[in-house]
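J.:
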Amino acid sequence: MELRFAEARELLTEAVWTREPLHGLAQAIAQARDLRDPAEAERQAAGPLRELRTHIRGQFALIRTGLDKLLEEVPCTPRSKILFMEMVTGHPRLPRDWDPATLAGDMQQRLHVHLAFPWEEQRTGYDRRLKDEGPQSAYLWDKDISEWYARRKNAVSRELYLEALSIVQHLHEAWEKWNRCKGASTTFMDHFSAEQWAALKEAMNDTGIAPKEGKGKNDLVAALHAGFIRYGIPLPNPGHWVDLLRTTYPMVTWNEKSVPEARPAYRGASYKRAFQAVTDRLG
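Residue numbers in the sequence shown follow the numbering used here, run continuously in steps of one, and reach 1358 at the last position.
1. Of the residues D1217, K1206, L1186, D1174, which one's Cα is nearest the Cα of W1194?
2. Could you say which of Q1183, H1315, A1213 lies nearest to A1199 if we only look at CA atoms?
3. Does K1287 pass the burial test, meaning 16 or more other C-beta atoms within 10 Å, or should it be called exposed?
4. Compute the beta-carbon to beta-carbon distance between L1205 and E1089, rounded to the nearest angstrom, for a pair I have assumed lies under 8 Å.
5. Note the first and the last residue of the continuous alpha helix (DSSP H) segment covering H1300.
6. CA-CA distance, K1366 and G1283?
7. Between the beta-carbon of V1327 and the beta-carbon of P1313, is there less than 8 Å?
8. When you compare the stretch 1089-1103 with the stretch 1125-1143, are there three or more beta-carbon pairs, one atom per stretch, that lie closer than 8 Å?
9. Looking at C-alpha atoms only, which residue of R1203, H1247, A1191, L1237 is the closest neighbour of V1163?
10. Tell me whether the beta-carbon of V1243 lies closer than 8 Å to the beta-carbon of L1127.
11. May I ask you to report which of helix, strand or coil DSSP gives H1166?
12. Which of helix, strand or coil does DSSP assign to A1191?
13. Measuring CA to CA, which of G1343, T1323, R1108, H1130 is closest to A1297?
14. Compare the beta carbon distance of P1105 and W1223 with 8 Å and say whether it is the shorter of the two.
15. Please work out which residues of its chain come closer than 6 Å, Cβ to Cβ, to A1278, disregarding the five sequence neighbours upstream and downstream, and give them in chain order.
16. Following the continuous alpha helix (DSSP H) through E1126, name the residue where it begins and the one where it ends.
17. Quick one: using the 10 Å Cβ neighbour count with 16 as the cut-off for buried, is I1131 buried or exposed?
18. Do F1263 and L1319 have their CB atoms nearer than 8 Å?
19. Roughly how many angstroms lie between the CA atoms of K1228 and E1082, to the nearest whole one?
20. Using the three-state DSSP reduction, which class does L1310 fall into: helix, strand or coil?
21. For L1110, name the three-state secondary structure that DSSP assigns.
22. For the alpha helix (DSSP H) containing G1180, name the first residue and the last one.
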């Protein structure tokens, strides 16, 4: 579960973005707006601005999709709520003074790294001018780079902030939904009625399937899978399934591979035998 939240946290950083086309479009807008004629400046900036908005919205749509996938696959538990809050605010609980706009502003600021002139090139250019042309030339070079960096930020900051704010609002709505949930089931028994669980346990006993280390672990997964199918109960998502195994059968070591195989063609011979044997017993 921690790994899933770590992956999702990266979606909120500059790591999922690239320098281009963000930098190039920001530069084109900034150059157009530098024209003396305001009407001509807006006309020339219109095209790059449309491309910029399309690019930013597309990137944030991918981020939103990734976050939605996390919320679908990770069970709603006290621990997942803490991890969710740490992902969003950096704290296990919501700070009293925390403002959603703060996260949007943080996301906006992180993306500014892609608008800056590459540091190594800037330093090399400064040192070369300092050596060949003197301090004044080096100073003007550095000043020009800083001014254009500020112009690029001004060109895209509003668009970045608005889309970042929409992500934060999306996350806030998800948090409200999680906060109202009653909590996910903690064992497989919570998914079945008492009669169904008793019948499933009896079917597993009759077929010699029991929780144990080694190859037999997959037979248990197949048997539980058969129970869900037989009684028409929706399968828990993969991330939740592993947690259920760990709480229902804590004496066995489970991992992310211990999940039901929905595709019959991909089931191994042992899995097929266990699945069919339990299905036959349940009738």
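Even glycine gets a Cβ: it sits at the ideal position worked out from N, Cα and C.
Quick caveat: nothing in here was measured; it's all calculated off a predicted structure.
T.: Considering the structure as presented:
1. D1217
2. Reading off the sequence, residue 1199 comes out as Thr, not Ala. Out of Q1183, H1315, A1213, A1213 has the C-alpha closest to the C-alpha of T1199.
3. exposed
4. Not quite, the Cβ-Cβ distance comes to about 30 Å (not below 8 Å), so this is no contact.
5. 1291-1305
6. There is simply no residue 1366 to check, as the chain begins at 1076 and stops at 1358 in what is shown.
7. no
8. yes
9. H1247
10. no
11. coil
12. coil
13. G1343
14. One detail in the question is off: residue 1105 reads as Ala in this sequence, not Pro. Yes, Cβ-Cβ distance for A1105 and W1223 is below 8 Å.
15. V1353, R1356, L1357
16. 1113-1148
17. buried
18. yes
19. 27 Å
20. coil
21. coil
22. 1175-1186
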